[in-house]
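Residue numbers (the working numbering), protein chains in the order written: chain D, 836 to 1319; chain H, 4 to 323.
From the three backbone atoms N, C-alpha and C, an ideal C-beta is built for every residue, glycine too.
These notes concern the structure reproduced below.
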Amino acid sequence: MSTTQAPLVDLKGVGKRFGAVRALDSVDLMFQAGECLGLIGHNGAGKSTLMHILAGTLRADSGALLMAGADVRSGYSVQVARQHGIRCVFQELSLCPNLTVAENTRLMCPALRGFGWRRRAGALIVASLDSIFPGHGISPSAVIADLPIGQRQMVEIARAFTCVDEHLALVILDEPTSSLDARVAEQLLRHVRRYVEGGGCVVLISHILGEMLATCDRIAVMSDGCVVEVRAANAFTHASLVESMGSMAKAQAASQVFVSKRDSQTPVVNQRPARQRNQQTVAAWAGEIVGLAGLAGQGQSQWLVHLLRERVAKGLPVALVAGDRQTDGIFNLWSIAENITISSLAALKRGALIDPAAEQSMAAQWQQRMGIRTPDMNSPILSLSGGNQQKALFARALASDSDLILMDDPMRGVDVGTKREVYAIIKDEASRGRTFIWYTTELEELDHCDHIYVFRDGQTVADMARDQLSEAQVLRSSFQEEVA
Amino acid sequence: MNLNLHFDRVRSKPWLWSFLAALLVWLATLVFTRGEGAGALTSSALSFSAFFVIVGVGQMFVITTGPGNIDLSIPANIALSGAVGMKLMDSQNDLIVLGVAGVLGVGVLVGCANYALIRVLRIPPIIATLSASFLLQSVAIAYGRSVRIAPPELFYQFSTGNVMGVPYLAVAVVLLTVFAGYLLSRTLYGRWALAVGQNIRAAELAGVRVERVRWATYVLSAVFASLCGVLLAGFSGGASLSMGDEYLLASIAVVVIGGTSVAGGFSNVPGLWGAALFLYLLVSMLNTFGASAGVRLILTGVIIIAVIAAVSGRKSLRSL
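Shown next as structure tokens:
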């Protein structure tokens, strides 16, 4: 790694906002040829946003994007990025499932034209696969949809490293090993080293600390939209990496006396996640607030939905507060009142019919309790702001007679004021004996929980009471230490 | 509250429109005939509309449960139920109850069969109910092969009689629509069906028993179609294999013209009557004007397309 060489790309003070949310706050980062740069951080730290800006799919609001000394921020796009030799492999696979491996290669390489392009594209991708994943066994005429997820990921990666008449300078690999088995992941990381030593540049994002430390030359740690630390990889250890990811200035939450609610009686819920390989279960006792932590998409939501389905099928009471309002929560055509009462209709019946007066009074009661800001609960749900819609979803679950409330990352996109109000209500309801199971991606919300389970790869890997809770411990469990 | 006003308008407008259209067509016909036959026209409009409304109620519940849900087995079900009803009644007044019970049983079975095809074999409803209708039609042909059996006298009188120009049938079907209205807005089943139609995943997560709702809906639709079949057989003096044919398009047309959302989750019961009256009066107006059968069919098709286009032109509240 020569430091005299001009950097490939130099980001200076790059910022990006999404509405009121500040995703990136003045990021300075340099990408150099002949180097593998690691990027690490908790959910929402800004890694993906930064990579999307580098790849041209998002535009930075402020700062400068220097390439060969010139600022290209205005007018930067996917095309410009490609002209500069930037390629990316994102988590969500970008292959067309109905096309073959060779045809997908053609999509990336417009230069493959004319008679016999399919044969040439096939030869090209096979050559690339052979060099990265020897013994891969993938045929260029295979249709993507028929390949298992691991092989699709291999094609996606191999495709990023193929080129015809184009120069290739920087490859972004976002969680490339997440769907690869250990042997193939090893092959990939070895290829990354070879490519980098040949003068290329790779940006590697991974949640597996071991592979980051072993593969990268430099590691940049991100937290809350900032790059908080950039060091040579060999200057980091597992422990120091985890430590720098947490927000260090955070004061210890006012530590009230913690009294475990796990007494002799049996738990309300005691269930093993479907993919759990040992006998560890997730349990919740009456009156407890149980937190599900870990990185986003590690099977927490699936576990909650699975639990809900099972209880509904058995006729046991259960209610869920959805985080993804549009997909999982609200009924767009209905009023606020109708949206709230849908889970409590059986209790609102007088004889065979639903009593409109009882329905109105339930809506009014929960409007007051949750502080839903509207002049009329019979207005359409879509007339409410996002935060108030979310309050209506909380009201739906809390108004039901269920003593078990599941929450699927319910504070997504909710403002701070609303959050505080809702936290207080949750605590209050728990003290009356209701049980909450709360999946959250925000570390500070875990302070409200009595007991925390950390999920990784569909399994619960750590289990701690509040008095043992520390951010470092949650982070350590969220990130895999070694390749599995 | 601008949004609120808009919402109210969307909610109340559709069914008013269909009644208004029916009224205009009625007036146009009477202007043409200089007021002659107003009573007879109104009376027959009520009778024929009643049949449209019965199947329309069932189809409305099916369409309410969301995109992709439709019952195409209605015509075959009508033919089969008419034949079963007439055979069981065997032209005897004291067998009427048996006949009606048998027909309702057929409806329940047909509904369960439709649902089983959709659920167990995972066939899309449009194909499941269409293929079920071939089976039903074949059974109806095999079963109803014998000579045409006349309905019992009492049943015939009920189906065709009227009190001061208002057919008994229309009165009964108005009561049926009142029942359907309550079912839709004031019962657990109705609310659940509306929820499923708006967002099936959100409904499941809110504790709605989605599959039960879908089962009940297909059974309801089939039972209503069966009821229509036996009444139609009574009305026309016996069952025939083709008597359900026009009810496929009609059942969907009255639902859509009546203001029910084709995308599901929003339904309109009174609109069914407005739309059914409009459809019948439109045909009789064109008859009075001396239009040919071809023109009648073309105009009916054009009007249905126009209504669907107008409804979808309305700013959609659904984001997806």
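Distance check for residue j and residue i, CA to CA, integer angstroms please.
i	j	result
L191/H	A1181/D	7 Å
R204/H	V1065/D	44 Å
F1071/D	L1048/D	8 Å
I1260/D	L138/H	57 Å
L900/D	V849/D	8 Å
H798/D	A903/D	Outside the displayed range of chain D (836 to 1319) lies residue 798/D, so it cannot be described from this structure.
G1129/D	R1291/D	6 Å
F55/H	M92/H	24 Å
G241/H	L112/H	23 Å
C1284/D	L1239/D	15 Å
S1178/D	L1139/D	17 Å
S837/D	D845/D	Its pLDDT being 44, under 50, S837/D is placed unreliably in this model, and the value from its coordinates should be taken loosely. Their Cα atoms are separated by approximately 16 Å.
L1023/D	F968/D	7 Å
Q1200/D	S1235/D	13 Å
Under 8 Å Cβ to Cβ from residue i, same chain only, skipping five residues before and after it: list those, please.
i	result
L964/D	H971, I973, M989, V990, A993
G61/H	D74, I77, L223, S224, A225, V226, F227, A228, S254
T45/H	W29, G168
C931/D	E938, N939, L942, I979
S1266/D	G1122
V286/H	R299, T303
A916/D	L889, A890, G891
Can you pull the chain H neighbours of residue i, defined as C-beta to C-beta under 7 Å?
i	result
I1177/D	R194, A198, A209
G1164/D	A205
V1103/D	Within 7 Å Cβ-Cβ: nothing; V1103/D doesn't reach chain H, min ~17 Å.
A1172/D	Near A1172/D there are no residues of chain H at all, since even the closest Cβ is about 12 Å away, more than 7 Å.
L1180/D	L191, R194
L1143/D	L208
Excluding the 5 residues preceding and the 5 following residue i in the sequence, name in chain order all residues of the same chain whose CB lies nearer than 6 Å to its CB.
i	result
G268/H	L197, G200, Q201
T1253/D	G1222
F853/D	none
A53/H	L172, A173, V176
R1160/D	Q1224
P273/H	W18
Q1115/D	T1295
F805/D	This structure cannot settle anything about residue 805/D, because the visible part of chain D is limited to 836 through 1319.
Between residue i and the rest of its own chain, which residues show a CB-CB distance below 7 Å, the 5 nearest in sequence each way excluded?
i	result
I984/D	S1014
G876/D	K882, V1056, M1057, S1058, M1080
L244/H	A82, A143, I144, G147
T163/H	F238
S1237/D	P1152, V1153, A1154
D248/H	P78
What distance in whole Å lies between the Cβ atoms of residue j and residue i, which are believed to be in contact at a cut-off of 8 Å?
i	j	result
G114/H	V222/H	3 Å
A25/H	F281/H	4 Å
A946/D	D1000/D	5 Å
A86/H	A143/H	5 Å
L230/H	I66/H	With 8 Å as the limit, L230/H and I66/H do not qualify as a contact, their Cβ atoms being about 19 Å apart.
G1035/D	A1004/D	7 Å
L1217/D	N1174/D	About 10 Å separates the two Cβ atoms, so there is no contact after all.
P1102/D	A1119/D	6 Å
M1212/D	A1154/D	Actually they do not touch by this definition, with Cβ atoms about 19 Å apart.
L864/D	V1062/D	6 Å
F22/H	G277/H	4 Å
D860/D	G1060/D	4 Å
Given the structure, does residue i come close to the ligand FMN, in the sense that its CB is under 7 Å from one of the ligand's heavy atoms?
i	result
I1007/D	The model on display carries no ligand, and the ligand FMN is accordingly not part of it.
Can you pull the chain D residues whose beta carbon is under 7 Å from the beta carbon of residue i, in chain order?
i	result
T163/H	Within chain D, no residue comes near T163/H; the closest Cβ sits about 33 Å away, beyond 7 Å.
Residues of chain D with a CB under 8 Å from the CB of residue i: which are they?
i	result
N80/H	Residues of chain D passing the Cβ test: none, with the nearest at roughly 27 Å.
Taking Cβ-Cβ distances shorter than 8 Å, what residues in chain H pair up with residue i?
i	result
A1187/D	T190
A1157/D	A205, L208
Residue i touches chain D at which residues, Cβ-Cβ below 9 Å?
i	result
Q160/H	In chain order: nothing, as chain D lies at least about 33 Å away.
N202/H	Q1161, T1162, D1163, G1164, I1165, F1166, N1167
- chain D contacts from the region 24-38 of chain H (Cβ-Cβ distance under 8 Å): If the cut-off is 8 Å between Cβ atoms, the region 24-38 of chain H has nothing near chain D.
- Query: If contact means a Cβ-Cβ distance below 8 Å, which residues of the region 1192-1214 of chain D contact chain H?
  - Reply: P1210, D1211, S1214
At a Cβ cut of 8 Å, what residues of the region 64-75 of chain H count as close to chain D, listed as they run along the chain? none
Contact set between the region 1222-1235 of chain D and chain H, restricted to residues whose Cβ is under 8 Å from the partner = Answer in chain order: R1231, S1235.
Residues of the region 256-270 of chain H with Cβ closer than 7 Å to any Cβ of chain D, in chain order: G268, F269
| Residues, ordered as in the chain, of the region 177-190 of chain H that lie near chain D by beta-carbon distance below 9 Å | Y185, S188, R189, T190
Q | chain H contacts made by the region 1109-1132 of chain D, where a contact means CB separation under 7 Å | A | none
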